[in-house]
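Residue numbering for the sequence shown follows this note's numbering, beginning at 77 and increasing consecutively.
For glycine and all other residues, C-beta sits at the position ideal for the given N, C-alpha and C.
Please read the structure below before turning to the comments.
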Amino acid sequence: MNGGSVGRDLGEQWGDLAGRVGARFTDGPTYAAAAATLHRTTPHTVAVHRGGDLVAIAAFAARPLGPLTLARSIGRGLGQGGDVIAIDDRAADDLADRLARSRHILRLEQFPADSPLLDALARDRHWHVHTRVVSEIPTLTLRPDATARAVRSGRTLGQLRSVRRKLAADGREVAFELVRSRADLDRRWGDMQRVAGLRADSRPEWDAWLAGDRATLVRTVLDGEAAAGRLRVLGITVGGVWVGHDIAVRCGTTWARYLTHFDPDHARLQPGHQLMVWIVDHHRELGIDRIHHGRGSTPVKEAWSNHAIDAVDVWAVPDTVAGGRVALPMLVAAATARARVPAGLTRLADRAR
C-alpha cells in the first residue's frame, strides 16, 4: 500500500512488524489511529512489502498539494515525536525511494536522529535534507545483573529508603503496583486521573493529559496496548492511596515511558526516583534491558540515563519535485514564519504540475 489509509489487514501486519523490531508504541497502528482521531484526520500510510510481507511503514498526517504531498508527523504537538518502522536498511531504502517517487515533502518533528528513515535519506542522492536538533531523548541501558546501585549512589538510594521507612513508621507504608490488564486499568483509571489533575493544576499546558480529548487519546492507546499485552503502568501508593504513576509500554525489551504524574503533596517522597528504583531493581523479571524516557529532559530522566539520542526537526524534499534543491532552504527559513509556508508550498506544487 502506498499513501493509503489503515485497513484491518495492514493494521495487523503493522502491529506484527512493530513487535518484531521492538518499535516504540508511538510508531504503531494504535497510537497512529488515536493521534489521527485527535487531529481529525486519517493516517496517511506508505508501506513497503517484500514477498507479501510488510517490511517498512511510515504514517503521516498528509496534506495534498496538487501532485505533491506534504507529510507531517502523525503525532505532532502531542509531546512524543515518532519514527518509521523498517526491518532492515534495504526496507528503509525502499521506503525512502517510494516517498521520493510519490513526491512527498517531509516535515517531521521531534524525530530521533538514529531513525532508519533519516539514515536512508542520507544514503539516497535523490533527497535534499535539513535537520535541526531541538531536544534529546534520554535512555538507560541495563546489564542483566544491574540494580539501582549501578545507576545511583548508595547515599542517594539510602535517602530514598529513609523516606519510605519514615512513612511506614507513621503507618503509611509505601508500596508499588504494576498495572498490565484492561481490568486493572479500569480499576485504577480514576486514581490516575485524580493524580494527573493535581499535577496539572500547576502546569496545565504540560500535564493535563488525562482530561478531555487528551484523555481519550491516552486511554485509547493504553486500552490497545493492554489488549496486546504490552501495557505497563507502575503506581506508587502511600498508606494505600495512589500518589503517582509511570505510564509505559513494553516495546520489545524496552520500557518506553509515556506519561508520569505525581501528587505535589508527596514531593518529599520523590516519587519519580522511587519508581525508577523499583523498575531498575525488577528489570529482569519485567523482561527489559532498556528504559526509553521519551523526548525532553527532566531531573529524573537525567539521573536515570546513561545515553541520549538527539531529537531533530526535519525538512526533506526529493529531486522528483521540480526545484526541490532550491526550495529546501526556503522552506526551512519559512518554518519560523508559518504564514509564508503555505505560499511557498503552493508555488512548488504549481511548478510540479
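The alpha helix (DSSP H) with residue i in it runs from where to where?
i: Trp354; result: 347 to 357
i: Pro192; result: 192 to 199
i: Ala276; result: 258 to 276
i: Asp386; result: Not the alpha helix (DSSP H): Asp386 falls in the beta strand (DSSP E), residues 383 to 394.
i: Gly230; result: 230 to 245
i: Gly288; result: 288 to 303
Nearest-angstrom Cα distance between residue i and residue j?
i: Arg308; j: Ala134; result: 25 angstroms
i: Leu193; j: Arg199; result: 10 angstroms
i: Ala162; j: Thr117; result: 24 angstroms
i: Gln89; j: His125; result: 10 angstroms
i: Gly328; j: Arg360; result: 13 angstroms
i: Val390; j: Trp331; result: 26 angstroms
i: Asn78; j: His368; result: Caution is warranted here: a pLDDT of 42 is assigned to Asn78, below 50, making its placement in the model unreliable, and no coordinate value can be reported.
i: Thr292; j: Thr374; result: 26 angstroms
i: Ser149; j: His206; result: 16 angstroms
i: Ala415; j: Arg371; result: Confidence at Ala415 is low in this model, with a pLDDT of 44, below 50, so the placement of that residue is unreliable and no value is reported for it.
i: Leu407; j: Val376; result: 36 angstroms
i: Gly316; j: Arg240; result: 13 angstroms
i: Gly91; j: Lys242; result: 46 angstroms
i: Arg264; j: Ala196; result: 43 angstroms
Measure the CB-CB distance between residue i and residue j and report whether it falls below 8 angstroms.
i: Val388; j: Ile181; result: no
i: Val353; j: Phe338; result: no
i: Gly383; j: Thr217; result: With the sequence shown as reference, residue 383 is identified as His, and Gly is not the correct amino acid for it. For His383 and Thr217, yes; Cβs fall inside 8 angstroms.
i: Val160; j: Asp246; result: no
i: Gln186; j: Gly230; result: no
Just checking my contact of residue i with residue j at CB under 8 angstroms: how many whole Å lie between their CB atoms?
i: Pro188; j: Ile323; result: Going by Cβ atoms, the distance from Pro188 to Ile323 rounds to 20 angstroms, so no, they are not a contact pair.
i: Thr396; j: His202; result: 7 angstroms
i: Thr145; j: Asp357; result: Wrong, their Cβ atoms sit about 48 angstroms apart, outside the cutoff.
Terminal residues of the continuous beta strand (DSSP E) containing residue i?
i: Arg333; result: 330 to 338
i: Gly399; result: Counting along the chain, Gly399 falls outside any beta strand (DSSP E), and DSSP gives it neither H nor E.
Exercise. Just checking, does the region 302 to 319 make contact with the region 241 to 250 on the three C-beta pairs under 8 angstroms criterion?
Worked result: Flag = yes, the region 302 to 319 and the region 241 to 250 touch.
For this session: Flag this pair as touching only if the region 284 to 299 and the region 256 to 270 have three or more C-beta atom pairs under 8 angstroms; answer yes or no.
Result: Cβ pair count under 8 angstroms is three or more, so yes.
Exercise. Quick check: the region 354 to 364 against the region 231 to 241, are there 3 or more CB pairs under 8 angstroms?
Worked result: Verdict: no, contact absent.
Exercise. Are three or more beta carbon pairs between the region 163 to 183 and the region 210 to 219 nearer than 8 angstroms?
Worked result: Using a C-beta cut-off of 8 angstroms, the region 163 to 183 makes no contact with the region 210 to 219, since fewer than three inter-stretch Cβ pairs fall below that distance.
Problem set entry | Validate contact between the region 289 to 300 and the region 340 to 351 using beta carbons, cut 8 angstroms, 3 pairs | Counting Cβ pairs under 8 angstroms, fewer than three are found: no touch.
Exercise. So, do the region 139 to 147 and the region 96 to 115 have three or more beta carbon pairs nearer to each other than 8 angstroms?
Worked result: No, the region 139 to 147 is not in contact with the region 96 to 115.
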